[in-house]
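Residue numbers (the numbering used here), protein chains in the order written: chain A, 98 to 177; chain B, 4 to 840.
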């Protein structure tokens with residue numbers, strides 16, 4: 098029997114969420130950037146596949162930090 | 004300013020024979036350089052039409068002199084074509100996808116692909132003409148085979164010529180492939196390979212010229228042999244030789260062929276060698292440049308200058324200058340320095356008139372020029388006290404490796420720096436040299452001062468604590484000054500302070516304690532409590548906890564954890580409370596006070612500091628003897644098979660662990676004996692206050708050195724089943740595997756000495772390997788991060804303006820302004836609360 102392993106359940110994998118179009122617009126407006134200026138994540142990244150994100154989606158990553166408590170990071174899903 | 008255009012794109016390609024002919028001004032055909040009279044031969048490799056290198060002569064092609072003629076190419080017609088070595092792999096890949104008969108791509112599809120993908124899918128049969136394809140083999144650096152028969156450059160070129168442009172477009176090849184097979188060799192201008200005339204009048208040619216002569220000579224011979232119809236094998240040999248010479252002309256470090264050498268045996272430096280590596284054109288001449296207005300000499304410590312000063316030898320100060328524009332405000336001063344001339348400090352070396360004419364100031368002309376000077380002149384005066392300079396020690400591993408200092412001109416020949424700034428430079432005075440640069444404009448000086456001045460670098464961004472702080476003797480001195488029994492008469496106290504050059508208010512008492520003297524340097528509003536380094540091993544000492552209330556040292560001693568580099572709590576606190584100037588003042592005064600204390604009291608260390616009492620000696624030898632017995636027991640149990648193994652370890656490995664643990668315990672016991680029995684003396688003060696050395700050093704000199712390890716294990720290497728032939732095979736005893744039970748003072752047995760040198764060698768190897776490794780890692784890291792920038796919206800962007808981080812470091816904290824890398828919430832709350840009151 099193959100057991101389904103979800104890597105998002107692993108303790109060191111931070112929380113990844115897909116932003117709604119409204120949230121993306123808000124994000125881009127706050128930083129006054131175009132969507133292509135966001136940091137990128139590959140479409141075939143294991144987490145991207147697991148949460149079912151598609152090219153063009155923006156992921157919000159919530160990480161815990163020693164110095165800042167919680168930080169947010171945003172990555173655009175891209176091909177290759 | 005010239006009309007500026009933006010560079011849209013750059014395309015690199017390969018020169019075609021046509022272009023080479025068009026660039027060239029000379030046809031090279033002769034291998035000789037000079038005629039018997041010493042004049043360059045026309046059509047030779049040094050043909051004067053290829054540019055001028057002798058000053059005074061004019062270029063025969065363009066008429067320019069040495070400065071304005073950049074040289075002109077020549078060309079050499081090769082008797083037979085040659086593969087371009089640097090493209091030989093590309094030629095190989097093209098051969099694999101091009102039909103041997105019709106030169107078309109071996110694909111039916113007309114879709115654009117990459118050469119890489121096409122190689123995988125290319126068929127065995129040509130889709131256009133049906134020709135069966137052979138198997139192409141490539142042998143580095145420049146030989147090709149097709150079905151085991153050699154494929155010569157001429158054949159390759161013929162195939163490439165047949166390939167239609169449209170086919171090349173499909174695999175995105177933008178050059179004609181036949182250009183990769185050289186028929187016309189461009190001969191670089193003489194200006195890129197100048198010959199030098201030695202003192203003897205002998206001419207010495209550049210490596211490139213030597214190589215070109217070889218090429219021309221072989222080419223000539225090949226041509227003659229072809230013309231007379233020589234047998235094929237001779238022509239093949241010469242052809243191969245020509246290929247070799249042209250190839251090494253491009254790159255003389257090719258694998259698979261011998262390097263071309265000088266008569267002396269030195270390898271020739273050809274084109275690729277000129278560009279590659281740290282010494283090559285890119286890293287040595289383009290990415291890095293030599294500069295003027297700099298100096299380098301040995302450094303030595305000087306406690307009597309401030310941390311933001313640098314002692315500059317007068318000889319250097321007379322050589323380095325600053326351009327000063329003459330105004331109403333400085334004309335008197337300028338005239339004074341000009342009158343001093345170039346040889347008397349503070350003088351001046353050059354004066355530029357308002358109309359731009361530059362005059363050298365000499366002993367003869369100095370008075371005349373001084374009279375002549377008016378507003379608008381620019382005088383290059385000597386470096387003077389208070390000038391701002393940049394001071395640097397390599398390797399420059401972090402930003403504090405280059406700091407702005409103020410000049411202090413001094414006698415003798417070394418740069419002087421305050422000992423407290425040696426940690427950021429990682430400098431010591433065993434012969435270290437440092438560099439000094441003089442910013443020439445007011446803007447540069449202001450920028451250096453604002454960003455790089457020593458005062459602004461006290462807190463290191465590496466760990467968020469003070470890096471510039473008193474060390475070594477300063478700390479010993481402050482400890483001796485502030486320990487509990489140190490009391491001085493009023494006169495003695497005043498003497499120490501005066502000696503340190505400190506003007507401070509002392510309590511008006513007959514007897515002044517050292518703590519009171521130290522307190523006179525503290526800011527009135529300083530309140531802090533912490534544990535001293537002295538605290539370790541002296542937990543019950545009343546001095547082990549430091550208490551400072553309202554700028555008074557109530558309790559405790561001052562040592563490394565109070566003022567030391569990387570941990571000093573008082574320096575840290577003052578840095579947070581006050582201005583950069585106040586911290587540097589504090590560091591200056593406190594370090595001078597420490598030295599003054601030592602100078603008045605005296606401070607001596609000697610081998611007798613490490614003497615152990617008879618009682619202690621007995622305890623030490625008992626501890627070691629007991630450990631050796633226990634180990635013998637362990638070995639005995641092991642041999643009887645009674646030893647219990649540790650999880651995940653074999654019985655052998657477990658035994659090793661047990662032995663190591665038992666011996667380490669014995670060494671610890673020795674350490675305890677030492678710290679309990681060695682009387683307080685200056686050596687112990689140094690170790691306990693963190694001024695220099697540690698208790699481990701004392702233990703190793705006084706009691707026992709302990710286990711020597713190689714790669715973290717007891718020493719096992721050597722002969723079969725034993726380390727040295729003096730032991731029995733299979734001996735597991737401590738002595739035979741690197742345990743040293745004696746002290747440095749008592750002396751080591753020959754075995755022990757050998758174990759110690761094994762360990763010492765490992766340490767040495769490790770150190771040199773690690774520095775090289777980490778240097779290269781840093782280089783790669785810096786290259787990867789160099790153009791990241793924190794923008795005004797607090798995002799980190801790369802050079803394309805894409806976001807890398809939404810907050811620097813994801814927490815927005817500047818480590819150089821942080822509390823050990825973190826934000827001190829309590830301090831912030833207290834500060835805000837204080838504001839509200």
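Virtual Cβ for every residue (Gly too), placed ideally from N, Cα, C.
Proximity winner among the options, relative to residue i (alpha-carbon distances)
i, options, result
"residue 461 of chain B", "B:581, B:525, B:377", "B:581"
"residue 254 of chain B", "B:219, B:448, B:228, B:211", "B:211"
"residue 207 of chain B", "B:357, B:427, B:516, B:266", "B:266"
"residue 1 of chain B", "B:694, B:620, B:723, B:691", "There is simply no residue 1 of chain B to check, as chain B begins at 4 and stops at 840 in what is shown."
"residue 328 of chain B", "B:355, B:350, B:321", "B:355"
"residue 613 of chain B", "B:442, B:704, B:530, B:53", "B:704"
"residue 326 of chain B", "B:421, B:441, B:38, B:223", "B:441"
"residue 570 of chain B", "B:638, B:502, B:472", "B:472"
"residue 176 of chain A", "A:151, A:108, A:160, A:147", "A:151"
"residue 503 of chain B", "B:595, B:560, B:492, B:687", "B:595"
"residue 20 of chain B", "B:11, B:62, B:81", "B:81"
"residue 830 of chain B", "B:459, B:579, B:125", "B:579"
"residue 680 of chain B", "B:694, B:702, B:662, B:661", "B:702"
"residue 359 of chain B", "B:369, B:715, B:381", "B:381"
"residue 137 of chain B", "B:214, B:115, B:220, B:109", "B:109"
"residue 102 of chain A", "A:143, A:131, A:113", "A:143"
"residue 737 of chain B", "B:48, B:659, B:601", "B:659"
"residue 535 of chain B", "B:577, B:688, B:527", "B:688"
Where residue i meets chain A, residues with beta-carbon distance less than 7 Å
i, result
"residue 804 of chain B", "134"
"residue 807 of chain B", "136"
Partner residues on chain B for residue i, Cβ-Cβ distance less than 8 Å
i, result
"residue 162 of chain A", "813, 814"
"residue 159 of chain A", "Ordered by position in chain B, no residue passes the 8 Å Cβ test against residue 159 of chain A, which lies about 11 Å from the chain."
"residue 105 of chain A", "Correct list: empty, because the minimum Cβ distance to chain B is about 20 Å."
Sheet register partners of residue i (DSSP bridge)
i, result
"residue 168 of chain A", "A:160"
"residue 407 of chain B", "B:393, B:456"
"residue 513 of chain B", "The partner list for residue 513 of chain B (beta bridge, DSSP) is empty, contrary to what the question assumes."
"residue 534 of chain B", "B:548"
"residue 848 of chain B", "The question about residue 848 of chain B has no answer here: the residues shown for chain B are numbered 4 through 840."
"residue 603 of chain B", "According to DSSP, residue 603 of chain B bridges with nothing at all."
"residue 125 of chain B", "Bridge partners of residue 125 of chain B: none, in fact."
"residue 800 of chain B", "B:792, B:806"
"residue 351 of chain B", "B:384"
"residue 420 of chain B", "B:304"
Proximal residues of chain A, C-beta to C-beta of residue i below 9 Å
i, result
"residue 798 of chain B", "128, 130"
Listed by chain order, chain B residues near residue i by CB distance under 9 Å
i, result
"residue 165 of chain A", "810, 812, 813, 814, 815, 816, 826"
Under 8 Å from the C-beta of residue i: neighbouring residues of chain A
i, result
"residue 392 of chain B", "Within 8 Å Cβ-Cβ: nothing; residue 392 of chain B doesn't reach chain A, min ~36 Å."
Residue i: contacting residues in chain B (beta-carbon distance under 7 Å)
i, result
"residue 117 of chain A", "What residue 117 of chain A touches in chain B: nothing, since even the nearest Cβ is about 19 Å away."
is_contact[residue i, chain D] using C-beta, thresh 8 Å
i, result
"residue 84 of chain B", "Of the protein chains in this structure, namely A and B, none is chain D."
Next on the checklist: Under 8 Å, with one C-beta from each stretch per pair, do the stretch 93-103 of chain B and the stretch 157-164 of chain B reach the 3-pair mark?
Outcome noted: yes
Checklist entry - How do the stretch 622-635 of chain B and the stretch 659-669 of chain B stand: do at least 3 beta-carbon pairs fall below 8 Å, yes or no? => result yes
Next on the checklist: Below 8 Å, how does it come out for the stretch 145-156 of chain B and the stretch 232-251 of chain B: are there three or more Cβ pairs, yes or no?
Outcome noted: yes
Next on the checklist: Along the stretch 822-836 of chain B, where does the CB come closer than 9 Å to a CB of chain A? Name the residues.
Outcome noted: 824, 825, 826
Next on the checklist: Quick test of the definition: if touching needs 3 or more C-beta pairs under 8 Å, does the stretch 563-573 of chain B touch the stretch 477-485 of chain B?
Outcome noted: yes
Checklist entry - Are there three or more Cβ pairs, one per stretch, closer than 8 Å when the stretch 72-86 of chain B is compared with the stretch 189-198 of chain B? => result yes
Checklist entry - Given 8 Å as the limit, is there contact between the stretch 405-419 of chain B and the stretch 289-302 of chain B, that is, 3 or more CB pairs closer than that? => result yes
Checklist entry - Counting pairs of beta carbons, one from the stretch 419-431 of chain B and one from the stretch 394-409 of chain B, are three or more of them closer than 8 Å? => result yes
Checklist entry - Using 8 Å as the threshold, is the stretch 504-512 of chain B in touch with the stretch 521-528 of chain B, meaning 3 or more CB pairs across them? => result yes
Item to check | contact_flag[the stretch 648-656 of chain B, the stretch 592-609 of chain B] where n(CB pairs < 8 Å) is 3 or more | outcome: no
Checklist entry - Counting pairs of beta carbons, one from the stretch 41-57 of chain B and one from the stretch 21-30 of chain B, are three or more of them closer than 8 Å? => result yes
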